[in-house]
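K.L.:
Structure incoming, see below.
In the numbering used here, the protein residues as written are 15 to 428.
See below:
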């Protein structure tokens, strides 16, 4: 099996991805014994984390021709000026210093790229690991830190997507069973997560008893999110995939680990990973959204783009105009899933629509929150309220945003 290392932080070549950054941005070390402290006085917003890690992807060769990983920076990524309109974006990548992407580093010790993913029909799975690290779980409006444990061996991450459309699938749920020589080592339902590098994925810290070869069986359930358009009827059955991987301390210690200096704790975001054969969980750009975009807004640093379609996509039972709210992170345009939203439409001071905006996966609109709302007239006031913030765990840099103070936004229909 051809196993190759890929990294998200790109050293001197990648420093251009931190727009506007100069000076001593990184310190590099190859074998961290612990994470740096969480930045002090970090804002209640998206911020640069204390450090950036590479990772190892291990997989059976179910998908061939994997390309090289490279990073991109969000529009306005270094100064907090990114906006809901997704300006300064090019070819699906966010622009840094006028360049659509920054140069890639091919890992360490002469390795490059990554190993394969395994395909299970409607689903493709990829398995990755890196150093164990802290993260924050979310229940309702409360967050809880999951600290490092001495016994933790690695942070295991999995991505699930539809290979026909390269659409990341946020609401499948995912469990991991790890075995060695057919003996059970660990079994766990792992967390849905958001990170600046990985976007949406599933992850948790795991303890492994020793170095050696392991098999991770990734299992997803039926998706409970409404599916529309060509996604109707898909993702309705459980699926699983078994992926072999090697664990060794030498391999782990060779994974890149970079401590950010001046930018840590300031508003902004590091570059997401890019991979030609593994999609990133980007939300559609403004000019890619179907219908007529009627406005945008911000709630606790979550960006909304609101579009109106003349009729609902196939699979929505009601009729009338269709309202879709596409929620994404600032700077990097990553999908924000697992919220509960309500839409209210007022006309002349009278409420003409008020209902849930249903979590929906559509091949054209992407993951969004939508409802058929009947008639809409110019001058109507549309309010989007957050009943429940995103119920996903957060890597460092996202744990202070999209949480307890998600205020409603109101738009006037043009």
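We put the CB at the ideal spot given by N, CA and C, even for glycine. Every value quoted in this text rests on a predicted model; they were computed, and no experiment measured them.
Near residue 411, what residues of its chain come up, given a Cβ to Cβ distance below 8 Å and the 5 sequence neighbours on each side ignored?
P.N.:
In the chain shown, residue 411 corresponds to position 397, counting from 1. The residues are 60, 61, 62, 63, 209, 210, 283, 284.
K.L.:
Is residue 257 closer than 8 Å to residue 230 when the C-beta atoms are compared?
P.N.:
For this step, residue 230 is matched to residue 216 along the chain shown. For this step, residue 257 is matched to residue 243 along the chain shown. Cβ atoms of residue 230 and residue 257: closer than 8 Å.
K.L.:
Pull up the distance between the alpha-carbon of residue 67 and that of residue 147, whole angstroms please.
P.N.:
Numbered from 1 along the chain shown, position 53 holds the residue referred to as residue 67. Numbered from 1 along the chain shown, position 133 holds the residue referred to as residue 147. Using only the alpha carbons, I get a separation of about 10 Å.
K.L.:
Quick one: Cα of residue 106 to Cα of residue 196, how far?
P.N.:
Numbered from its first residue, the chain shown carries residue 106 at position 92. Numbered from its first residue, the chain shown carries residue 196 at position 182. Below a pLDDT of 50, predicted positions are generally treated as unreliable, and residue 106, at 36, falls in that range; the measurement from the model is reported next regardless. Roughly 43 Å separates the two Cα atoms.
K.L.:
Just how far apart, CA to CA, sit residue 428 and residue 360?
P.N.:
Here residue 428 corresponds to residue number 414 of the chain shown, with the count starting at 1. Here residue 360 corresponds to residue number 346 of the chain shown, with the count starting at 1. Approximately 14 Å, taken between the alpha carbons.
K.L.:
Shortest alpha-carbon distance to residue 349 belongs to which of 363, 298, 358, 201?
P.N.:
Against the chain shown, residue 349 aligns to sequence position 335. Nearest C-alpha to residue 349: 298.
K.L.:
So residue 141 and residue 259 are in contact, right, with Cβ under 8 Å, and what is the actual spacing, rounded?
P.N.:
Position 127 of the chain shown holds residue 141. Position 245 of the chain shown holds residue 259. With a Cβ gap of about 6 Å, residue 141 and residue 259 count as contacting.
K.L.:
What do you reckon, are the CB atoms on residue 244 and residue 326 nearer than 8 Å?
P.N.:
For the purposes of this step, residue 244 is identified with residue 230 of the chain shown, where counting begins at 1. For the purposes of this step, residue 326 is identified with residue 312 of the chain shown, where counting begins at 1. Not a contact, by the Cβ cut-off of 8 Å.
K.L.:
Per DSSP, which one or two residues make a beta bridge with residue 322?
P.N.:
Taking the chain shown and counting its residues from 1, the one referred to as residue 322 is at position 308. For residue 322, which the question treats as bridged, DSSP gives the partners 306, 337.
K.L.:
Using the C-alpha atoms, what's the distance from residue 293 back to residue 180?
P.N.:
In the chain shown, counting from the first residue as 1, residue 180 sits at position 166. In the chain shown, counting from the first residue as 1, residue 293 sits at position 279. Computed Cα separation, rounded: 6 Å.
K.L.:
Can you grab the Cα-Cα spacing for the pair residue 183 / residue 252, in whole Å?
P.N.:
Residue mapping note: residue 183 aligns to position 169 of the chain shown, counting from 1. Residue mapping note: residue 252 aligns to position 238 of the chain shown, counting from 1. Using only the alpha carbons, I get a separation of about 13 Å.
K.L.:
What is the DSSP secondary structure of residue 75, counted as helix, strand or coil?
P.N.:
In the chain shown, counting from the first residue as 1, residue 75 sits at position 61. With a pLDDT of 34 at residue 75, under the threshold of 50, the modelled position of that residue is not reliable, and no figure is offered here.
K.L.:
Of all the beta strand (DSSP E) runs that stay within the bounds of the region 231-279, which reach a length of 3 or more residues?
P.N.:
The qualifying runs are 253-261, 271-274.
K.L.:
Measuring CB to CB, does residue 416 end up less than 8 Å from residue 310?
P.N.:
Within the chain shown, residue 416 is the residue found at index 402, counting from 1. Within the chain shown, residue 310 is the residue found at index 296, counting from 1. No, these two residues do not count as a Cβ contact at 8 Å.
K.L.:
Is it true that the CB of residue 266 sits closer than 8 Å to the CB of residue 145?
P.N.:
On the chain shown, position 131 is the one that residue 145 refers to. On the chain shown, position 252 is the one that residue 266 refers to. Yes; because the gap between Cβ atoms is below 8 Å, this pair is in contact.
K.L.:
Which residues share a DSSP beta bridge with residue 172?
P.N.:
On the chain shown, position 158 is the one that residue 172 refers to. 141, 216.
K.L.:
For residue 357 versus residue 241, is the C-beta distance shorter than 8 Å?
P.N.:
Along the chain shown, read from residue 1 onward, the residue named residue 357 stands at position 343. Along the chain shown, read from residue 1 onward, the residue named residue 241 stands at position 227. No; because the gap between Cβ atoms is not below 8 Å, this pair is not in contact.
K.L.:
At which residues does the beta strand (DSSP E) containing residue 382 begin and terminate?
P.N.:
Taking the first residue of the chain shown as position 1, residue 382 is located at position 368. That run of the beta strand (DSSP E) goes 380-388.
K.L.:
For residue 201, which residues does DSSP report across the bridge?
P.N.:
Along the chain shown, one-based indexing puts residue 201 at 187. In DSSP, residue 201 forms a bridge with 191.
K.L.:
Determine the direct distance from the alpha carbon of residue 396 to that of residue 369, and round the result to whole angstroms.
P.N.:
Reading the chain shown from its first residue, position 355 is the one you call residue 369. Reading the chain shown from its first residue, position 382 is the one you call residue 396. Residue 369 and residue 396: Cα-Cα distance of roughly 12 Å.
K.L.:
Tell whether a beta-carbon distance below 8 Å holds between residue 219 and residue 169.
P.N.:
Residue 219 sits at position 205 when you count from the first residue of the chain shown. Residue 169 sits at position 155 when you count from the first residue of the chain shown. Yes. Within cutoff.
K.L.:
Return helix, strand or coil for residue 517, following the three-state DSSP convention.
P.N.:
An answer regarding residue 517 cannot be provided, because it is not within the stretch 15 to 428 covered by the chain.
K.L.:
Tell me, please, which residues DSSP counts as bridged to residue 209.
P.N.:
Locating residue 209 in the chain shown gives position 195, counting from the first residue. Per DSSP, 213.
K.L.:
Would residue 167 and residue 221 be called neighbours here (beta carbons separated by less than 8 Å)?
P.N.:
Taking the chain shown and counting its residues from 1, the one referred to as residue 167 is at position 153. Taking the chain shown and counting its residues from 1, the one referred to as residue 221 is at position 207. Yes, Cβ-Cβ distance for residue 167 and residue 221 is below 8 Å.
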